[in-house]
């Protein structure tokens, strides 16, 4: 799988560690930055990562910050992105299973690195359930395109 990553300074260390983990699992990584732990603005780095997932250049994206909130908000500004914040096994699983999230956001200040790695593994390995959830994904896409949801 080809996965783009983006972070601000507060998520930099987890981005580096997750990139290493994913490479060791055979995934191709596209690192959209940031490239140091120096203070920076998250939209500059997470939006390009999210764009790569939305365009199909990458299969998925993972973004990192202090809480993951701003990173998710910025990512969700990109048309075609469904970014979910994960902080527990269930939130990671449901992001894929029910929401078909193509971007995952993790807060470095919110979970341990061990937990972050587990959340990424759960998110990547959980298939989209489809069924009743397809209609909801389609409703979001219609709204995003300026069409009525139903």
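Numbering (the working numbering), first residue to last: -14 to 135.
Ideal Cβ positions, reconstructed from N, Cα and C, are used throughout, including at glycine.
Within the same chain, -8, -7, -6, -3, 25 and 30 come within 7 Å of residue 19 by CB-CB distance, once the 5 residues on both sides are set aside. With respect to the 7 Å criterion, residue 108 and residue 57 are not classified as neighbours on the basis of their beta carbons.
With a threshold of 16 other beta carbon atoms within 10 Å, residue 62 falls short and is exposed.
Spatial neighbours of residue 2 in its own chain (CB-CB distance under 7 Å, excluding positions within 5 residues in sequence) are listed in chain order as 98. Separation of residue 48 and residue 133 (C-alpha to C-alpha, rounded to the nearest whole angstrom) is 30 Å. As computed with DSSP, residue 69 is found in a beta bridge with 89.
Judged by their CB atoms, residue 122 and residue 85 are nearer to each other than the 7 Å cut-off.
Straight across, the Cα-Cα distance linking residue 106 with residue 14 is about 15 Å.
Taking C-beta atoms as the reference points, residue 34 and residue 46 count as a pair closer than 7 Å.
Counted as a single uninterrupted DSSP element, the beta strand (DSSP E) harbouring residue 46 occupies residues 45 to 50. Excluding residues up to 5 positions away in sequence, 53, 57 and 90 lie with their Cβ nearer than 6 Å to the Cβ of residue 70 in the same chain. In this structure, residue -13 places its C-beta atom within 7 Å of the C-beta atom of residue 44.
Here residue 87 has 38, 45 and 67 as same chain residues with Cβ atoms under 6 Å from its own Cβ, once five neighbours each way along the sequence are excluded. C-alpha of residue 95 to C-alpha of residue 74: approximately 14 Å in a straight line.
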